[in-house]
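Here is the structure we will look at, set down as structure tokens.
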Amino acid sequence: MNWHSALADSGIWIAQAYGITLALGAIITWLLARFTVWGQQFWRLSAEYFSPRRSLRPLVMLALILLLTLCAVRLQVLFSDWYNTMYTALQKLDERGFWMAMVLFAILATTHIFRSLLDFYLQQAFTIHWRVWLNEKQLTRWIDNQSYYRTQYLDVPVDNPDQRIQQDITDFVQGSLTLSMGVVNALVSTFAFTLILWTLSGTVNIGSLEIPRGMVFLVFIYVIVATAFAIWIGRPLIQLNFLNERYNADYRYALVRLREYAESIAFYAGEKVEGALLRSRFAQVIANAWAIVYRSLKFLGFNFSITQTAVIFPFIIQAPRFFSKQISLGDLMQTAQAFGQLQDNLSFFRNAYDQFATYRATLKRLSGFTQAVEQARLLPRPELHARDDRLSIRDLTVQTPGGNVLIAGLSLEILPSAPLLIRGPSGAGKTTLLRAIAGLWPHCHGHIFRPEHNTLFLSQKPYLPLGTLRSALYYPKPLPDEFSIESSVGQDAPARDVLNLVQLGHLADRMDEVADWSRILSLGEQQRLAFGRLLLSRPEAALLDEATSAMDEGLEDAMYRLVTQHLPHLILISVGHRSTLHKFHAAQLILKGDGTGQWEYVEAA
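What follows is the structure in structure tokens.
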């Protein structure tokens, strides 16, 4: 190594390596995306992010990371030459040469530290930006078109979507960059150190056979055979890692449900059943964990054996040439260092196989999530048409997922002056009809005319978002700039007046308290809060699904009178069983629930 021209030589080397790597990388990426399943999965997830039409920033950052990776390889080559220089100076007792080697080391080490820190920052920034984009992309797909709801109607519903968005995206982004740069480093280093080892290697004698530059061929044969065996041993880790993610997510979901339905379980005294379920799911986690341990023992044991054997291999091969003074101590040490580096580079694919197995499992889960969202988007839905002043249904047929008819050929019109009450036996399709009117139920066909954006649904168990009571009262709308509204309840009346109207005035002073209100309020209080939400939002249409089931008849009467008094132009549809609801509805739709889809429309006398 001529250290006087090392800087210029390194610049030329990096430029050549950069151009070749870019060209080969583009070709390999295209081939993988075209002809491999996991390459196609990666491309579907990330092609838009790397599109120059969207932004050049990801490509620029990736190009810089690639440049720093190649700089790392060049520094490894320079350190290899430095070892030769230092050990040769020691052998020759060249004190001046030794101290010059120390100066060279300081320069190389400083450069290495600076490169490593810059590379760390760029890689972290790149993964964060990519993660933000991919999270937003998947979250948008999940929320838009109500995919979060409609995926439950797929033949194979997606499991644990929360984990796929939160954890798998992070693992996918980090794994993509780590493995891709690891492959580049390994391949370029392999080429560079093969050249070094080629110049240092002599003839290897195997019996009467003489192999020129034999060490180079031996290391390739050694590592290729070892890699083939490692892949064979480690292949089951792909499926085991996939199951590990799935079983852990299932166990975590069961724990969340125990907390969510704690009161119901406690009333039922269902601890034994829930405990058995939790232990069963945890047993799956542990059984799979032991399977990973046993398979990893075989995999790691084989890798450790191969790695340790490779330590003394170059010394044994080069020792005869050193003792016969054909090579210097520096050449011997550089041979060992180059052999070890080359063996490490070639072994990258063997050592990283378990990482790749985990990456494949993550990629499979994310791709499955994306496909499920796409399938949910393609599920049929009734034809919705915007109409502000009325709600009409034309020739609507509603079925169960199994194809049984719940409602056949329903046609009717609901005016603000004639609220509709839907009645019928359990399982007749009352709630399902509301889902169809809302555009949620995929197993139906027909035409529905309703207000496009301003329709509110009040369920039997209202949804209260995390946060303050005030935000729950205004949901699904954001809080206004000022905590007051323009409503018929009173000019510029505050939200606390609405709470008083729905007989929750005792909570008015706690409206800005952040708490899990779904656990604090009783079901009856939650239903009254939903009526307050109805008064505040002033929708054009409202669908009430047994929204007063937890109230006594007096409270039910009071809530409906509030709606009648303050929202006279509201298009109202209610589902309920109580006869006390009849006086608030000018018409009734009675579903027979006999399996034929028959129904009867009755106007009040």
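In this text, residue positions in the sequence shown follow this note's numbering: the first is 26, and each later residue adds one.
Glycine included, each C-beta is placed from N, C-alpha and C at the ideal position.
| Asked | Found |
| --- | --- |
| Only counting the same chain, and skipping five residues up and downstream in sequence, which positions put a Cβ closer than 7 Å to that of Ser562? | Leu481 and Lys502 |
| I'd like to confirm the pairing. Which residues does DSSP put opposite Asp577 in its beta bridges? | Its beta-bridge partners do not exist; DSSP assigns none. |
| List the whole-angstrom C-beta distance separating Ala189 from Leu391, where the pair is believed to meet the contact cut-off of C-beta under 8 Å. | At residue 189 the sequence reads Arg, which differs from the Ala that was named. Sure, about 6 Å apart at Cβ, within 8 Å. |
| My assumption, with CB atoms under 8 Å, is that Lys162 sits in contact with Phe267. Please give the rounded CB distance. | Lys162 to Phe267, Cβ: 23 Å. No contact. |
| From Asp534 to Gln171, what does the alpha carbon distance come to, in whole angstroms? | 35 Å |
| Identify every run of the beta strand (DSSP E) within the region 219-290, keeping only runs that are complete inside it and at least 3 residues long; order them along the chain. | 229-231 and 234-236 |
| Let me know the secondary structure DSSP gives Ile418 once reduced to three states. | strand |
| Leu179 and Ala397: beta carbons closer than 8 Å? | yes |
| So, is Phe242 buried or exposed, given that buried needs 16 or more other C-beta atoms within 10 angstroms? | exposed |
| Do the CB positions of His468 and Gln528 come within less than 8 Å of each other? | no |
| Would Thr395 and Gly471 qualify as a contact pair, given that the criterion is a beta-carbon distance under 8 Å? | no |
| Check whether the Cβ atoms of Leu225 and Ala363 lie closer than 8 Å to each other. | yes |
| What residue does the alpha helix (DSSP H) around Val298 start on, and which one ends it? | Glu296 to Phe348 |
| How big is the Cα-Cα spacing for Leu548 and Arg558? | 15 Å |
| Can you tell me whether DSSP reads Ile352 as helix, strand or coil? | coil |
| In whole angstroms, give me the CA-to-CA distance for Val539 and Glu581. | 28 Å |
| Short of 7 Å in beta carbon distance, which residues of its chain neighbour Arg175, apart from the five on each side in sequence? Order them along the chain. | Ala401, Leu404 and Pro467 |
| So Gln101 is in the alpha helix (DSSP H); what residue range does that whole segment cover? | Arg82 to Gln116 |
| Would the beta-carbon of Leu489 fall within 8 Å of that of Gln551? | yes |
| Just how far apart, CA to CA, sit Gly44 and Ala463? | 57 Å |
| Give every residue of the same chain whose Cβ lies closer than 7 Å to the Cβ of Ala386, excluding the five residues on either side of it in the sequence, and list them in chain order. | Ile263, Asn266, Phe267 and Glu270 |
| Which ranges does the beta strand (DSSP E) cover as unbroken runs of at least 3 residues, wholly within the region 433-469, from first to last along the chain? | 445-448 |
| Reducing DSSP to helix, strand and coil, say where Ala411 ends up. | strand |
| When you compare the CB positions of Val209 and Leu91, do they come within less than 8 Å of one another, or not? | yes |
| Look at the alpha carbon of Leu81 and the alpha carbon of Ala88, and state the distance between them as a whole number of angstroms. | 11 Å |
| How long is the line joining the alpha carbons of Asp420 and Ile615, rounded to whole angstroms? | 16 Å |
| Check whether the Cβ atoms of Tyr626 and Leu437 lie closer than 8 Å to each other. | yes |
| If you draw a straight line from the C-alpha of Ile342 to the C-alpha of Met240, how long is it? | 7 Å |
| What residue range does the alpha helix (DSSP H) around Asp522 cover? | Ala520 to Leu526 |
| Between which two residues does the beta strand (DSSP E) containing Tyr641 stretch? | For residue 641 there is no data in the structure shown, the boundaries of the chain being 26 and 630. |
| Does DSSP put Gln424 in a helix, in a strand, or in coil? | strand |
| With DSSP run on the structure shown, which of helix, strand or coil describes Ala612? | strand |
| Quick one, are the C-beta atoms of Glu565 and Ile596 less than 8 Å apart? | yes |
| Check Gly492 in the structure and name its three-state DSSP category. | strand |
| Runs of 4 residues minimum, wholly inside the region 107-169: which ones carry the alpha helix (DSSP H) assignment? | 120-168 |
| Flag this pair as yes or no: are the beta carbons of Gly259 and Phe329 separated by less than 8 Å? | no |
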